[in-house]
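Colleague: Got a structure for you, questions after.
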Amino acid sequence: MRIRESQALILPPFFFLVIFFILPVIIILVLSLTHNKDLTAGITLENYTRIFDPLYLQVLIRSVVYAGLATLFALLIGFPLAYFISFANSRLKMMFMFLVLVPFWTNFLVRIFAWLTILGRQGLINSFLLWTGIIQDPLQLLHTPGAVILGLIYGELPFMVLPLIAALDRMDVSLLEAATDLGASRFQAFQRIALPLSIPGVIAGSIFVFIPALGSFVVPDILGGSDSFMVGNTIKNQFMTVRDWSFGSSLSMMLMLAVLFGVSAYLKKGSGDLNMGEYL
Amino acid sequence: MSDLGHQNDLAFGRGFTVRIITIGGLFFLYIPIIILIIFSFNASRFSSQWGGFSLKWYVTMIQDGALWSAIRNTLIIAISNAVLSTILGTLAALALSRHRYRFSGLYHKVLHMPIIIPDIVQAVSLLMLFVFFNFTLGLVSVILAHASFSISFVALVVMARLAGFDNRLEEAAMDLGANRWQVFQKVILPNIFPGILAGALLAFTLSIDDFVITFFTTGVGSTTLPLKIYSMIKFGITPEINAISTLLVVFSIAAVSAIHFFEKNPKTGGKAHVKNIT
Amino acid sequence: MLKTSLSLMLLAIILIGCGSKDEAVLNVYNWSDYIDPTVVSDFEKEYHVKVVYDTFASNEELLAKLEGGAQGYDVIFPSDYMVAIMMEENLLAPIDASQVPNIKGIDPKFINSPYDPHSAFSVPFTYGTSGLGYNYDEIGEELDSWGAIWDPRFKGRILLLDDMREVFGIAYKYLGYSVNNIDPARLEEAKQLLMDQKVNLLKYESTMNKDLMLTREALISHYWAGDMYQVIDEDSSFAFTIPKEGAVLFTDCMAVPAAAPHKELAHKFINYILRPDIAGRIVNEVWYAMPIPAAMEYVDKEISSDPNIFPPDDVLARCEFLTDLGDFNQVMDRAWTELKMK
Chain A
5 MRIRESQALI
15 LPPFFFLVIF
25 FILPVIIILV
35 LSLTHNKDLT
45 AGITLENYTR
55 IFDPLYLQVL
65 IRSVVYAGLA
75 TLFALLIGFP
85 LAYFISFANS
95 RLKMMFMFLV
105 LVPFWTNFLV
115 RIFAWLTILG
125 RQGLINSFLL
135 WTGIIQDPLQ
145 LLHTPGAVIL
155 GLIYGELPFM
165 VLPLIAALDR
175 MDVSLLEAAT
185 DLGASRFQAF
195 QRIALPLSIP
205 GVIAGSIFVF
215 IPALGSFVVP
225 DILGGSDSFM
235 VGNTIKNQFM
245 TVRDWSFGSS
255 LSMMLMLAVL
265 FGVSAYLKKG
275 SGDLNMGEYL
Chain B
14 MSDLGHQNDL
24 AFGRGFTVRI
34 ITIGGLFFLY
44 IPIIILIIFS
54 FNASRFSSQW
64 GGFSLKWYVT
74 MIQDGALWSA
84 IRNTLIIAIS
94 NAVLSTILGT
104 LAALALSRHR
114 YRFSGLYHKV
124 LHMPIIIPDI
134 VQAVSLLMLF
144 VFFNFTLGLV
154 SVILAHASFS
164 ISFVALVVMA
174 RLAGFDNRLE
184 EAAMDLGANR
194 WQVFQKVILP
204 NIFPGILAGA
214 LLAFTLSIDD
224 FVITFFTTGV
234 GSTTLPLKIY
244 SMIKFGITPE
254 INAISTLLVV
264 FSIAAVSAIH
274 FFEKNPKTGG
284 KAHVKNIT
Chain C
685 MLKTSLSLML
695 LAIILIGCGS
705 KDEAVLNVYN
715 WSDYIDPTVV
725 SDFEKEYHVK
735 VVYDTFASNE
745 ELLAKLEGGA
755 QGYDVIFPSD
765 YMVAIMMEEN
775 LLAPIDASQV
785 PNIKGIDPKF
795 INSPYDPHSA
805 FSVPFTYGTS
815 GLGYNYDEIG
825 EELDSWGAIW
835 DPRFKGRILL
845 LDDMREVFGI
855 AYKYLGYSVN
865 NIDPARLEEA
875 KQLLMDQKVN
885 LLKYESTMNK
895 DLMLTREALI
905 SHYWAGDMYQ
915 VIDEDSSFAF
925 TIPKEGAVLF
935 TDCMAVPAAA
945 PHKELAHKFI
955 NYILRPDIAG
965 RIVNEVWYAM
975 PIPAAMEYVD
985 KEISSDPNIF
995 PPDDVLARCE
1005 FLTDLGDFNQ
1015 VMDRAWTELK
1025 MK
């Protein structure tokens, strides 16, 4: 009876995941090994050798750098924010969590478009600087790599803050108190105790920010200029414009493998076992 | 969110730097939102010039039939996805938390994968799946696509909740003569219900906001709000888009306040509460 | 929980059910901003049908959707070269001219065009050229040459269409070659020219051009005539020119996908669009020319007399249709990728 129940539980969800997650991945794996989606022509590695064309490597490196910088800045902004919130009393805390989340109930695209109004030649920043006379001509803020990174940070910041709060909440405050009782300054207590204990949250948050940032194509599309093409744009182009499904598939496989490899290495280096559900 | 705020007599997290960055961070988060709300009342249609106060964009929005059908599609997809992925995700969580399988480790890995794989990769692979099986793109394909990533989020949230479940409660109920279904219904379910609710909300939110996966798997008559907004920007970010977003914010705040109120209401389930709605 | 989820599911099913009532439905898939919306609602009233109207942003997106199994569309609006590709891939149903009597009203110049030699699978909808849209007030002079996009005065303020064929088309025209040439040496020459242009380029963009011009981000945009006139209609600081070197000429067509579920209704819709009074209304709204002489009396004078919208024969002679490049597509794509990624 127990066996039957266990199988009744596991079969429906995993049957679904096999069809709608594993099978699609297998399909693009197969496609990536064909010449221009011709299944009868046999297996080829040409789509993978193409990736190592300096042209595509350059885009891949650029994507990693942008996503990495976005993650770093999200951590630098997100950590103090989370630290502040996790030490607030429970009513205030509820309010602050709410404040962090509200912007994310507007549509993702709208959130990004709003930055056009801020960064544009006639946007808020330029209008202000022109009005004060600090500058004579509008600065080019929009359509720059900086704008893309800013958009990535803005788009993913809550996914950094929430896991950090979850991790800090689990910390035993008496440890901090004990440290201060023993003569440590607040900063030392933070550095020696709070920081190490928050590592799982840092790891989870970084993963939640880095991955979507790495695959992003909408942000560079909207905020980027002529030199902000990322790997997500390349993949989208292969499917929607060039119609080279095979090459698009090989790029997708590479991106996926890079992420899986990176994440598992990162997790091993960090705390090993991480139940991400606790940080969602 | 944790029930217990930290005791904080020593003012941890109240240093000058922390305060400044916190204020700065919130400022950063809110500038675009505030601007968006202000400009939804802009009489001029240009996103960067103030032409006086006007409610006309709200009127335009209400009369925009295509917009409402996009909203309807979005809700159909989000609700169906929430139901489907909550059921399947909860099953997966129950299975993996309560039973040992020969390939438990593998199941766990599979369950985590949709969360860490970039959505562009999932989007194109799902498109290829539908192409291969000649599956008609439309509402159904979008719902299935959304469920394929939402299940994992639901399962992980519910599993986190199950991790805190005291197995002795179950044993006690069995000792008192309850059968397995009764145990599930009367003991396990009420305990993990907050997790399930949080998972369902998470699935709903992910679905409503999704652009990339929808963009690739949508078909006839299944344009969602994000896709509609994307197509509207061709002629510029009109204040109509700002008006839609303002309403979205207001609606979300109202919904969350309602849920919050509903949780606090003792009649409806004691201290059940939503854990970390992302 | 079970009850709640069951009732939610029921609700969802009811909601989905609402969409599939027995009323006749026509699914139209068109470019955005490319029809007078009242024409659609009038068609609905006249034929007692419901039109589901979706939009796309590029020919390739349309093709990807059709190939990707989006089987419900009844009327689609591919451009000339895309009609040829779709015919080759057997994605289109033949047009039954007997069901579209208004075809007779189409200017014969636009019948049996190279992309669809027997006009068997497509009906021309609009035609026009790409060209230079620019902010006349800020630049202070009229532009008449593609050379402007290399002018250092406009550094960082120029948009080029995010479209491989259109962008190489500029370079080819500027160099005096055909937009359809498949000589690798000339491609290389064009690529170098465009590479030099990148210092001036704001970005390759095909969707947000209007907003980027209206908010003064861009001074100059390589753009399609009709869309540019929609900008000029908003803000008279702008102007449009078909450069003297010539430009890419296009015909956007109406076609019926092979898998269309409502073919008969689709023919009725196409016929309706070709009705002179309806065509006139569309031209007035979208600022693109339609090849229907009898419609001219319904078109506003300022539009029908504008040589950029209805180019005279000598201008048309300098312009060229795009043809399918076959295997050379991949070679050009490599160069295009280099341009975009650098």
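Protein chains in written order, with my numbering: chain A, 5 to 284; chain B, 14 to 291; chain C, 685 to 1026.
For every residue, glycine included, the Cβ atom is placed at its ideal position computed from N, Cα and C.
Return the chain-ordered list of same chain residues with a C-beta closer than 6 angstroms to the C-beta of Met258 of chain A, the five sequence neighbours on each side being excluded.
Modeller: These residues qualify, in order along the chain: Ile55.
Colleague: Does any CB atom of chain A fall closer than 9 angstroms to the CB of Arg32 of chain B?
Modeller: Yes, Arg32 of chain B counts as interfacial toward chain A.
Colleague: When DSSP builds the beta bridges, which residues end up paired with Tyr114 of chain B?
Modeller: Bridge partners of Tyr114 of chain B: none, in fact.
Colleague: Would the beta-carbon of Tyr718 of chain C fall within 9 angstroms of that of Thr1007 of chain C?
Modeller: Taking 9 angstroms as the Cβ cut-off, Tyr718 of chain C and Thr1007 of chain C do not qualify as a contacting pair.
Colleague: Do we get a CB-CB distance below 9 angstroms when we pair Thr149 of chain B with the residues of chain C?
Modeller: Yes, Thr149 of chain B counts as interfacial toward chain C.
Colleague: Could you check where the beta strand (DSSP E) with Gly815 of chain C kicks off and where it finishes?
Modeller: Its beta strand (DSSP E) spans residues 807 to 819.
Colleague: May I have the straight-line CA-CA distance separating Glu744 of chain C from His121 of chain B, to the nearest angstrom?
Modeller: One C-alpha to the other measures close to 39 angstroms.
Colleague: Going by C-alpha distance, which of A:Val34, A:Val114, A:Arg66, A:Ser67 is nearest Asn51 of chain A?
Modeller: Checked all of A:Val34, A:Val114, A:Arg66, A:Ser67; the closest Cα to Asn51 of chain A is A:Val34.
Colleague: If you measure between the beta carbons of Gly817 of chain C and Tyr907 of chain C, is that distance less than 9 angstroms?
Modeller: Result yes, Cβ atoms of Gly817 of chain C and Tyr907 of chain C sit closer than 9 angstroms.
Colleague: Is Met234 of chain A buried or exposed, if buried means 16 or more other CB atoms sit within 10 Å of its CB?
Modeller: Its Cβ being crowded by 16 or more others within 10 Å, Met234 of chain A is buried.
Colleague: What do you get for Glu850 of chain C, buried or exposed, if any count of 16 or more other CB atoms within 10 angstroms of its CB means buried?
Modeller: Buried, by the Cβ-count rule.
Colleague: Among residues of its own chain, excluding the 5 on either side of Val724 of chain C, which ones have a beta-carbon nearer than 7 angstroms to its beta-carbon?
Modeller: Result list for Val724 of chain C: Val735, Tyr737, in chain order.
Colleague: Quick check: is the beta carbon of Val246 of chain A nearer than 9 angstroms to any beta carbon in chain C?
Modeller: Yes, because at least one Cβ of chain C sits closer than 9 angstroms to the Cβ of Val246 of chain A.
Colleague: In chain A, which residues lie with their C-beta within 8 angstroms of the C-beta of Gly28 of chain B?
Modeller: By Cβ distance, chain A contributes Arg190, Phe191.
Colleague: Which residue marks the beginning of the alpha helix (DSSP H) containing Thr53 of chain A, and which one marks its end?
Modeller: 50 to 55 is the extent of the alpha helix (DSSP H) around Thr53 of chain A.
Colleague: Measuring straight from C-alpha to C-alpha, what distance separates Phe922 of chain C and Tyr820 of chain C?
Modeller: Their backbone Cα atoms lie some 5 angstroms apart in a straight line.
Colleague: Who does Ile31 of chain A pair with in a DSSP beta bridge?
Modeller: Looking at the DSSP assignment, Ile31 of chain A forms no beta bridge with any residue, so it has no partner.
Colleague: Where in the region 862 to 926 of chain C do unbroken runs of the alpha helix (DSSP H), each at least 4 residues long, occur, reported from the N-terminal end onward?
Modeller: With a minimum length of 4 residues, the continuous alpha helix (DSSP H) runs that stay inside the region 862 to 926 of chain C are 868 to 881, 893 to 898, 909 to 918.
Colleague: In whole angstroms, what is the alpha-carbon distance linking Val223 of chain A and Ile30 of chain A?
Modeller: Using only the alpha carbons, I get a separation of about 28 angstroms.
Colleague: Taking Cβ positions only, does Phe24 of chain A come closer than 9 angstroms to chain C?
Modeller: No - not a single Cβ of chain C is within 9 angstroms of the one on Phe24 of chain A.
Colleague: What residue range does the alpha helix (DSSP H) around Lys952 of chain C cover?
Modeller: That run of the alpha helix (DSSP H) goes 947 to 958.
Colleague: Spell out the partners DSSP gives Thr935 of chain C in its beta bridges.
Modeller: Per DSSP, C:Tyr811.
Colleague: What's the gap between the Cα of Lys729 of chain C and the Cα of Trp971 of chain C?
Modeller: Whole-angstrom Cα-Cα distance: 25 angstroms.
Colleague: In the region 838 to 859 of chain C, which residues sit with their C-beta less than 7 angstroms from some C-beta in chain A, listed in chain order?
Modeller: Result list: Gly840.
Colleague: With distances taken between CB atoms, is the gap from Trp70 of chain B to Pro252 of chain B smaller than 9 angstroms?
Modeller: Cβ atoms of Trp70 of chain B and Pro252 of chain B: closer than 9 angstroms.
Colleague: Quick check on Glu901 of chain C: buried or exposed, where buried means 16 or more other Cβ atoms within 10 Å of its Cβ?
Modeller: Classification for Glu901 of chain C: buried.
Colleague: Would you kindly report the start and end of the unbroken alpha helix (DSSP H) that includes Ile116 of chain A?
Modeller: From DSSP, the alpha helix (DSSP H) with Ile116 of chain A extends over 112 to 123.
Colleague: Please go through the same chain and pick out, in chain order, the residues whose beta-carbon is closer than 7 angstroms to the beta-carbon of Leu146 of chain A, but skip the five residues on each side of it.
Modeller: Here the set comprises Leu120, Leu123, Gly124, Leu227.
Colleague: May I have a chain-ordered list of the alpha helix (DSSP H) segments no shorter than 4 residues that lie completely inside the region 192 to 236 of chain A?
Modeller: Complete alpha helix (DSSP H) runs here, min 4: 203 to 219, 222 to 227.
Colleague: With 9 angstroms as the threshold, decide whether the Cβ of Lys749 of chain C is near any Cβ in chain B.
Modeller: Yes - at least one Cβ of chain B is within 9 angstroms of the one on Lys749 of chain C.
Colleague: In terms of residue numbering, what span does the beta strand (DSSP E) encompassing Asp738 of chain C cover?
Modeller: From DSSP, the beta strand (DSSP E) with Asp738 of chain C extends over 734 to 740.
Colleague: Buried or exposed for Ala267 of chain B, please, with buried defined as at least 16 other CB atoms from any protein chain shown within 10 angstroms of its CB.
Modeller: That one is exposed.
Colleague: Quick one: measure Cβ to Cβ for Asn237 of chain A and Phe221 of chain A, integer angstroms, because I've assumed they're closer than 8 angstroms.
Modeller: Confirmed, Cβ separation roughly 5 angstroms.
Colleague: Would you identify the three-state DSSP class for Trp1020 of chain C, choosing helix, strand or coil?
Modeller: DSSP places Trp1020 of chain C in helix when its eight states are reduced to three.
Colleague: Leaving out five residues before and five after Ala1019 of chain C in sequence, what residues of the same chain have Cβ atoms less than 7 angstroms from its Cβ?
Modeller: The residues are Leu871, Lys875.
Colleague: Would you kindly check if the distance between the Cβ of Arg841 of chain C and the Cβ of Asn884 of chain C is under 9 angstroms?
Modeller: Yes, the pair counts as a contact, with Cβ atoms nearer than the cut-off.
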